[in-house]
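Numbering (the numbering used here), first residue to last: 1 to 359.
Inspection log for the structure reproduced underneath, given as structure tokens.
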Amino acid sequence: MTEPVSLARRDLRQFVPYEAASPARDAVRLHANESAWRHDWDDSRAGLNRYPDPRPAAVLARLAELYEAPVEELLLTRGSDDAIDVLVRTMCAAGQDRVVVCPPTFGMYAVAARLQGAAVDLVPLDPERGFALDVDAVIAAGRSAKLVFLCSPNNPTGNLIPAEAVVRICQAMADHGLVVVDEAYSEFAPEQSFAGLRQACPNLVLLRTLSKAYALAGARLGVLIGDADLVRLLRAVLPPYPVPSPCLEAAERLLRPEPVAQARAEVAAMTTRREALRQALELAPAILEIWPSAGNFLLVRCRDAAAVVAACSEAGLLIRDFSRAPGLQHCVRITVGDESHNARLLDAIGAATPEVSHG
Ligand SMILES: Cc1ncc(COP(=O)(O)O)c(C=O)c1O
1 MTEPVSLARR DLRQFVPYEA ASPARDAVRL HANESAWRHD WDDSRAGLNR
51 YPDPRPAAVL ARLAELYEAP VEELLLTRGS DDAIDVLVRT MCAAGQDRVV
101 VCPPTFGMYA VAARLQGAAV DLVPLDPERG FALDVDAVIA AGRSAKLVFL
151 CSPNNPTGNL IPAEAVVRIC QAMADHGLVV VDEAYSEFAP EQSFAGLRQA
201 CPNLVLLRTL SKAYALAGAR LGVLIGDADL VRLLRAVLPP YPVPSPCLEA
251 AERLLRPEPV AQARAEVAAM TTRREALRQA LELAPAILEI WPSAGNFLLV
301 RCRDAAAVVA ACSEAGLLIR DFSRAPGLQH CVRITVGDES HNARLLDAIG
351 AATPEVSHG
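Okay, structure coming up:
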């Protein structure tokens, strides 16, 4: 089995990172060229005049508990977007390495790869089979790739990838690449993380985020879970103070039993609302098809996506138009709102019946 860290860009394998100033707060800090004073409106605990702790032990310990993974296998990032970016920059040499992406899926995998000058090989999901992954085609494309990006539940299609598929792809990539499963929406799904596969599949990397189920999108907090040596290298590639202190303080406030229990109750309530919304949308003449979803959104095929988007906009509601994505003609993605948002949405879509929109 090839060590995952040995698959990183050759020129980064001995990389020496910038050394962040000691985060110690129990001595007078005259070592980091910070300001000695703080604003009178600065109500942060750490003080915004001070650099944040680059390795916030309390937050990391609580995240290790939340995700049931050892601390040394966790990389704290500014959301999963940052994790995707640092993975591509660390693993792929510009003009040389390739990544595999399975559309329709989250757009940042291809964006990060293109920004880094890595080639992107597309292996489309199969719309005829509920957007199932073509495992053999992913394995074939993966032969020349450094990274395979998978997303489960997938955005925007809402379906899950079976564990056997992940294992097969990891095994096929074991001597030359990493398999990254983005689990941004896994808290909403009945079967949760692939964390249990990590021991058997050391080249499996998981991405988790506090943006979705934990309602902290504004704090930009994500966690990459992977091989400890790989995590050490990725941390060296990130900026020296990767997460701002107000965001770390938000994480500390979240990662206590009560707020976590509240988030879990909200997730359960959202799944009930999602199914109620689906049933109501199924009755709307403007809607042709709704796919099953294990996320906090529904992918919906409309008779006329532009008319539905316009009717929602008229009602002050934003939904995402995917009609230009391959295989998603006339599809929109709707995030499940609270009761009142969903009622407004149903009203608006009711108003977008084909007769009205064309009339
Ligand atoms: C599949 C998926 N991954 C990652 C993200 C971004 O997550 P974060 O807010 O942690 O950067 C999103 C955001 O919509 C997403 O849909």
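Even glycine gets a Cβ: it sits at the ideal position worked out from N, Cα and C.
Item                                                                                                                                                                                  : Value
For the alpha helix (DSSP H) holding GLU249, just list the boundary residues, first then last.                                                                                        : 245 to 254
Does DSSP put GLY222 in a helix, in a strand, or in coil?                                                                                                                             : strand
Please say whether ARG344 and PHE297 have beta carbons closer to each other than 9 Å?                                                                                                 : no
Looking at the unbroken alpha helix (DSSP H) that takes in GLU289, where does it start and where does it end?                                                                         : Note, GLU289: premise wrong, no alpha helix (DSSP H); beta strand (DSSP E) at 287 to 290.
If you run the structure through DSSP and keep just helix, strand and coil, what is LEU126?                                                                                           : First, the amino acid is wrong: residue 126 is Asp here, not Leu. Three-state DSSP puts ASP126 in a strand.
Quick one, what's near ligand 1 if you take every residue whose CB is closer than 6 Å to any heavy atom, in chain order?                                                              : GLY79, SER80, ASP81, PHE106, CYS151, ASN155, ASP182, ALA184, THR209, SER211, ALA217, GLY222
As a quick exercise: from GLN96, GLN199, PRO104, LEU133, pick the residue whose alpha carbon is nearest that of ALA118.                                                               : GLN96
Would you mind reading off the limits of the beta strand (DSSP E) that contains ILE334?                                                                                               : 331 to 335
What residues in its chain sit with their C-beta under 7 Å from that of ALA305, if we drop five residues either side in the sequence?                                                 : ASP321, SER323, HIS330, CYS331, VAL332
Would you say ARG62 and ARG29 are within 9 Å of each other, going by their C-beta atoms?                                                                                              : no
Please state if the CB of ALA83 and the CB of GLY222 are separated by a distance shorter than 9 Å.                                                                                    : yes
Can you give me the Cβ contacts of LEU318 inside the same chain, cut-off strictly under 8 Å, excluding the 5 residues immediately before and after it?                                : CYS312
Apply the 10 Å Cβ neighbour rule to PHE15 and answer buried if 16 or more other Cβ atoms are within range, or exposed otherwise.                                                      : exposed
Does the stretch 73 to 80 come into contact with the stretch 225 to 237, if we say contact requires no fewer than three beta-carbon pairs (one atom in each stretch) closer than 8 Å? : yes
Pull up the distance between the alpha-carbon of GLU156 and that of GLY130, whole angstroms please.                                                                                   : Correcting the residue type first, residue 156 is Pro in the shown sequence and not Glu. Using only the alpha carbons, I get a separation of about 12 Å.
Using 9 Å as the threshold, is the C-beta distance between PRO4 and VAL205 below it?                                                                                                  : yes
Check the DSSP bridge columns for CYS151 and list the partner residues they point to.                                                                                                 : ASP182
Given that a residue counts as buried once 16 or more other Cβ atoms are within 10 Å of its Cβ, and exposed if not, what is THR90?                                                    : buried
Helix, strand or coil for THR209, going by three-state DSSP, please let me know.                                                                                                      : strand
Below 8 Å on the Cβ atoms is my guess for VAL123 versus ILE169; work out the distance and round it to an integer in Å.                                                                : Not quite, the Cβ-Cβ distance comes to about 11 Å (not below 8 Å), so this is no contact.
Assuming contact is defined by CB atoms lying nearer than 9 Å, are CYS102 and ASN154 in contact in what I supplied?                                                                   : yes
With a threshold of 8 Å, are at least 3 pairs of Cβ atoms found where one atom belongs to the stretch 140 to 155 and the other to the stretch 179 to 193?                             : yes
Can the beta-carbon of LEU210 be found closer than 9 Å to that of VAL86?                                                                                                              : no
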